[in-house]
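To convert a position in the sequence shown, counted from 1, into this note's numbering, add 8.
Just so it is clear, CB atoms sit at the ideal spot from N, CA and C, and this is done for glycine as well.
Data block below; observations after.
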Amino acid sequence: MQTLIATGSWCLRKFPNNNANWKHLLPSSRRPSCNLRNQTTTRNSSLKTTWPSISFALFASGFFLGPLIDGLHSRVDLVVYQNGSTNIGPLHTNVWVPVLLGLFYCTVGMFQLVLDERTSSKVQQVNQEKAFASLLSLVLFIELSAELYKAGIADNTEAYILFAGAEFLWFFLDRTWFGFLLASVIGLGCPLAEIPLMQFFHLWFYPQANVEIFGQGLVSWTLTCYFVYTLFLINFSRWLKSVIVDAADTEDKSS
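Written as structure tokens, this is what we have:
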């Protein structure tokens, strides 16, 4: 009997007692929930599931906010509206302007978010404060251009001032070469896109244009306004996406 007890004690001492060696053999009940949570977060942050909400929010922002900002130029008669012109109190606008600006907000914003998703490791985080700073910078820049125009400043002088201001805002709000490139392309392209709207639909015209392209007069420094507008839309669309994704995550957790 003593021999059997001694043999049993020796076997117990030799039996491995390191739980770490057996952890990989034991199923973990927490792993599925963690993976599920990560999958849910990834699904909510993907444009494949959030693009309808983001697109609608961008379009609605451009539809309502855009004409108010555009009114800063129309009040000093930088642009005069023709077919479809309407006055809402002190706001001089066109019935097509809300739709056009809604499409502008939606197109530029969604294009930026698609590029962000393809280069997710380099995306800048935008909080509410930065989004508001971008909006305030845009409004002040448009107001500055309107006041310089109203004061009768020479076109070349105003262009120099606004170009310098636009570069400063790029450094303050974005500071990326891709953001500079995108804002430059849109700044050059949007004034050209106005030409068919003026030529074929006669929606508006610039009474003191200093550049003529395809028989239509444009104001050269308006491209700086589109440049700064793009910087605002880059930050605004990123912030808007973060708000919608957070709301979707909260809804999933509560359900």
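- Going by DSSP, I242 is part of no beta strand (DSSP E) but of the alpha helix (DSSP H) stretching over T230 to S262.
- Burial check for T230: the Cβ neighbour count within 10 Å reaches 16 or more, so the residue is buried.
- Around L76, the same chain offers L99 as residues with beta carbons nearer than 8 Å, after the five sequence neighbours per side are excluded.
- With a cutoff of 8 Å on beta-carbon distance, Y237 and L86 are scored as not near each other.
- By the beta-carbon neighbour count (other beta carbons within 10 angstroms, threshold 16), T101 is buried.
- Between A191 and F235, the beta carbon gap of about 5 Å places them in contact (Cβ cut-off 8 Å).
- DSSP, read as helix, strand or coil, puts G160 in coil.
- Straight through space, the alpha carbons of G117 and T184 are spaced by roughly 17 Å.
- Around the beta carbon of L170, a 10 Å sphere encloses 16 or more other beta carbons of the protein chains shown; the residue is thus reported as buried.
- Looking from the CA of V193, the closest CA among F119, I150 and K249 belongs to F119.
- Between F149 and L189, the C-beta gap is not smaller than 8 Å, which leaves the two residues out of contact.
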